[in-house]
């Protein structure tokens, strides 16, 4: 099954409530997937700061003194904000690659959840309510975000197997479904230099989109490509630095509902996820068409 | 002081048994509906705040009327046997699945496989229905005011599917004996589904269905009929090489 949600705000006054709104949406779909949950939230990019969200199996050991050691390694100011098993590392945008490299030797057990100027990604094993509490997602502000609650089918129930998957700067994806040609596509992407953290099918979809966008496609064009190049069942919800997209495979047996008002565009696996949104009773509510790309950009 | 007569609508509402799903559980609702006995005076029910709940009013087997005020999730009114159920909103996947008799009206849209495997009764969707509408229908009548999605009436066995708008890809794939009436365009027909002649008896049947569904602004003569070419009924030995 799995449950997925997405929320793209048009009305800036809602931005302080993004984390709370997205949390409620995800919790309402808890019974679609009890294995693990995750959320990606995009804050406003300033241009002078980049963020790397990392996870550690031993946060107390790994995060202690990390700011000082990393600042020394990259030669620029670094801050580390710890949230439970995750931490958000902030530095200047030109030092992101150096910081990633330094992390490998300074803290080999740390896993990178995602990086970019806007995105922060939190995911763990457990129910959505527990994951949302653990990372205090409700207090987060932002412009748009996506979330996932997982019922595992294709790979192990681990933190790294949870969604969202991020394979490019400020890019991430959540998926309801299962892909059948992911091994082939993974091999092709590896040949093109993409790297993978897991055996998970969804990571392949995320990497496919990152690869297409690295070749100059926009989000809409990259999503269009999934319809011919990925085989299997999928409803994807995708976030980029300033955009939000949705696509369903041509069979479209994985459910999807969307709502749009002057204030937001929202996605849910089910209507249940949308019922607490402001003005939902007068929103335009529709089921996204199969094999049709929808995307919005700020 | 003389009592002021209440307007009729209010009086009826006053008699309806109201269930508020914001305060009462879905299980309480469905149990109460299942406990209705023949001859009960509780013939009118109203369900408030469904908010996308699953399985609202499933398995009702008495001729009561139920008004659901809002949108519902999966399997609303499934297995309905005799009740008149109105959803004043949209319905999630599988609305009216395996209906036996009675009627269901969805004022908004319906998601996938509306009326799937239905054996009788009337399902009216006043908006659009998405993919697989009437899949494996076995006697149900379905009237959709808007459009229907792909693979609708897949393996449909009997009953009537009436679509005032357009139909998506692969309409009536592997159909048996159901009748499909589409007023708009059909994106494509599925295997063994063909356009058929509208004879007077079909016009009459369709007019009856439109009347029952309360459709007044559309004429039966505006529809085309589709059904089975009956070529898949028996194995054709010439195709043996394909297996």
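Protein chains in written order, with my numbering: chain P, 1 to 298; chain E, 1001 to 1243.
Quick reminder that beta carbons are idealized off the backbone N, C-alpha and C, glycines included.
key: Exposed unless 16 or more other CB atoms sit within 10 angstroms - verdict on residue 304 of chain P   = Chain P is shown only over 1 to 298; residue 304 of chain P falls outside these bounds and no answer can be derived.
inquiry  = Taking the alpha-carbon of residue 127 of chain P as reference, which of P:261, P:30, P:280 and P:247 has the nearest alpha-carbon?
reply    = As a working note, residue 127 of chain P is residue 127 in the first chain. Answer by Cα proximity: P:30.
query = Under 9 Å Cβ-Cβ, which residues of chain E neighbour residue 252 of chain P?
reply = For the purposes of this step, residue 252 of chain P is taken as the residue at position 252 of the first chain. What residue 252 of chain P touches in chain E: 1112, 1130, 1131, 1149 and 1150.
ask   = How would you call residue 157 of chain P, buried or exposed, if buried means at least 16 neighbouring beta carbons within 10 angstroms?
value = Here residue 157 of chain P corresponds to residue number 157 of the first chain, with the count starting at 1. Classification for residue 157 of chain P: exposed.
ask   = For residue 226 of chain P, which three-state DSSP category applies?
value = On the first chain, residue 226 of chain P is found 226 positions in, with the first residue counted as 1. Correct three-state label for residue 226 of chain P: helix.
task = State the beta-bridge partners of residue 1238 of chain E as determined by DSSP.
result = Position 238 of the second chain, counted from the first residue, corresponds to residue 1238 of chain E. Partner(s): none; residue 1238 of chain E has no beta bridge.
task = Determine the extent of the alpha helix (DSSP H) in which residue 202 of chain P is found, giving its start and end residues.
result = One-based indexing of the first chain puts residue 202 of chain P at position 202. Unbroken alpha helix (DSSP H) run through residue 202 of chain P: 201-214.
inquiry  = Classify residue 171 of chain P: buried if its beta carbon has 16 or more other beta carbons within 10 angstroms, exposed otherwise.
reply    = Looking up residue 171 of chain P in the first chain gives position 171. By the 10 Å Cβ count, residue 171 of chain P comes out buried.
message = So residue 1109 of chain E contacts chain P; which residues on that side make the cut at Cβ distance below 9 Å?
response = Position 109 of the second chain, counting from 1, holds the residue named residue 1109 of chain E. Simply 285, 286 and 287.
query = Bridge partners of residue 1246 of chain E, per DSSP?
reply = The shown model of chain E, from 1001 to 1243, leaves out residue 1246 of chain E, and the question about it has no answer.
ask   = Do you know how far the Cα of residue 125 of chain P is from the Cα of residue 1215 of chain E?
value = Within the second chain, numbered from 1, the residue matching residue 1215 of chain E stands at position 215. Within the first chain, numbered from 1, the residue matching residue 125 of chain P stands at position 125. Cα-Cα distance, rounded: 52 Å.
request  = Could you list which residues in chain P have their beta carbon closer than 9 Å to that of residue 1040 of chain E, in chain order?
outcome  = As a position in the second chain, residue 1040 of chain E is number 40, starting the count at 1. Within 9 Å Cβ-Cβ: nothing; residue 1040 of chain E doesn't reach chain P, min ~31 Å.
task = Measure from the alpha carbon of residue 77 of chain P to the alpha carbon of each residue in P:64, P:85, P:83 and P:94, then state which is nearest.
result = The count along the first chain starts at 1 and reaches residue 77 of chain P at position 77. With distances taken between Cα atoms, residue 77 of chain P lies closest to P:94.
task = Spell out whether any CB of chain P is found under 8 Å from the CB atom of residue 1146 of chain E.
result = Taking the first residue of the second chain as 1, we reach residue 1146 of chain E at position 146. No, residue 1146 of chain E does not count as interfacial toward chain P.
request  = Determine whether the Cβ of residue 248 of chain P lies closer than 8 Å to any Cβ atom of chain E.
outcome  = As a first step, residue 248 of chain P must be located in the first chain, where it is residue number 248. No, because no Cβ of chain E sits closer than 8 Å to the Cβ of residue 248 of chain P.
Residue 222 of chain P to residue 255 of chain P span [Cα, whole Å] = Looking up residue 222 of chain P in the first chain gives position 222. Looking up residue 255 of chain P in the first chain gives position 255. For residue 222 of chain P and residue 255 of chain P, the distance between alpha carbons rounds to 22 Å.
query = Given residue 1205 of chain E, which residues of its chain have a CB within under 8 Å of its CB, disregarding the five upstream and five downstream residues?
reply = For the purposes of this step, residue 1205 of chain E is taken as residue 205 along the second chain, with counting starting at 1. The residues are 1160 and 1179.
ask   = At least one CB of chain P closer than 8 Å to the CB of residue 1019 of chain E: is that the case?
value = What you label residue 1019 of chain E is simply residue 19 of the second chain in a count that begins at 1. So no, residue 1019 of chain E is outside the interface.
query = Does DSSP put residue 105 of chain P in a helix, in a strand, or in coil?
reply = Locating residue 105 of chain P in the first chain gives position 105, where the first residue counts as 1. Residue 105 of chain P falls in the helix class under three-state DSSP.
Straight-line Cα distance separating residue 190 of chain P from residue 218 of chain P = Translated into positions along the first chain, residue 218 of chain P becomes position 218. Translated into positions along the first chain, residue 190 of chain P becomes position 190. If you take the alpha carbons of residue 218 of chain P and residue 190 of chain P, they lie about 21 Å apart.
request  = State the Cα-Cα distance for the pair residue 232 of chain P and residue 226 of chain P, rounded to the nearest angstrom.
outcome  = On the first chain, residue 232 of chain P is found 232 positions in, with the first residue counted as 1. On the first chain, residue 226 of chain P is found 226 positions in, with the first residue counted as 1. Those two C-alpha atoms are separated by around 10 Å.
ask   = Whose C-alpha, out of P:47, P:17 and P:74, is nearest the C-alpha of residue 105 of chain P?
value = Taking the first chain and counting its residues from 1, one reaches residue 105 of chain P at position 105. Answer by Cα proximity: P:74.
ask   = Cα separation between residue 204 of chain P and residue 212 of chain P?
value = Residue numbering aside, residue 204 of chain P sits at position 204 when the first chain is read from its first letter. Residue numbering aside, residue 212 of chain P sits at position 212 when the first chain is read from its first letter. Taking the straight line from one Cα to the other gives about 12 Å.
inquiry  = So residue 255 of chain P contacts chain E; which residues on that side make the cut at Cβ distance below 8 Å?
reply    = On the first chain, residue 255 of chain P is found 255 positions in, with the first residue counted as 1. Neighbours of residue 255 of chain P on chain E, chain order: 1092, 1093, 1111 and 1112.
ask   = Just by C-beta distance, which residues in the stretch 81-111 of chain P are closer than 8 Å to chain E?
value = none
ask   = Quick one: what's residue 232 of chain P bridged to in DSSP?
value = Sequence index remark: in the first chain, residue 232 of chain P carries index 232 (1-based). Residue 232 of chain P pairs with P:179.
task = Alpha carbon to alpha carbon, how far is residue 1189 of chain E from residue 241 of chain P? Give it in angstroms, no decimals.
result = Indexing the first chain from 1 puts residue 241 of chain P at position 241. Indexing the second chain from 1 puts residue 1189 of chain E at position 189. Roughly 42 Å between the two C-alpha positions.
inquiry  = I want to see whether chain P comes within less than 8 Å of residue 1246 of chain E, judged by CB atoms only; does it?
reply    = As displayed, chain E neither begins before 1001 nor continues past 1243, which places residue 1246 of chain E out of reach and without an answer.
request  = Can you give me, in chain order, the residues of the stretch 1029-1061 of chain E that have a beta carbon less than 7 Å from any beta carbon in chain P?
outcome  = 1051 and 1052
inquiry  = Does the CB of residue 1071 of chain E have a neighbour CB from chain P at under 8 Å?
reply    = Position 71 of the second chain, counted from the first residue, corresponds to residue 1071 of chain E. It does; some Cβ of chain P falls within 8 Å.
ask   = Do residue 245 of chain P and residue 208 of chain P have their C-beta atoms closer together than 8 Å?
value = Locating residue 245 of chain P in the first chain gives position 245, where the first residue counts as 1. Locating residue 208 of chain P in the first chain gives position 208, where the first residue counts as 1. No, these two residues do not count as a Cβ contact at 8 Å.
request  = For residue 134 of chain P, collect the residues of the same chain with a Cβ closer than 6 Å to its Cβ; drop the 5 residues on either side in sequence, then sort them by chain order.
outcome  = Walking along the first chain from the start, residue 134 of chain P turns up at place 134. Correct list, in chain order: 84.
query = How long is the line joining the alpha carbons of residue 1075 of chain E and residue 1094 of chain E, rounded to whole angstroms?
reply = By 1-based counting over the second chain, the position of residue 1075 of chain E is 75. By 1-based counting over the second chain, the position of residue 1094 of chain E is 94. Near 5 Å, if we compare the C-alpha coordinates of residue 1094 of chain E and residue 1075 of chain E.
ask   = If you draw a straight line from the C-alpha of residue 151 of chain P to the C-alpha of residue 235 of chain P, how long is it?
value = Your numbering for residue 151 of chain P matches position 151 in the first chain. Your numbering for residue 235 of chain P matches position 235 in the first chain. Spanning the two alpha carbons is a distance of roughly 14 Å.
ask   = So what does DSSP say about residue 149 of chain P, is it helix, strand or coil?
value = Walking along the first chain from the start, residue 149 of chain P turns up at place 149. It is a strand residue.
task = From the DSSP output, in three-state form, read off residue 99 of chain P for me.
result = Start at 1 with the first residue of the first chain, and residue 99 of chain P comes out as number 99. Three-state result, residue 99 of chain P: helix.
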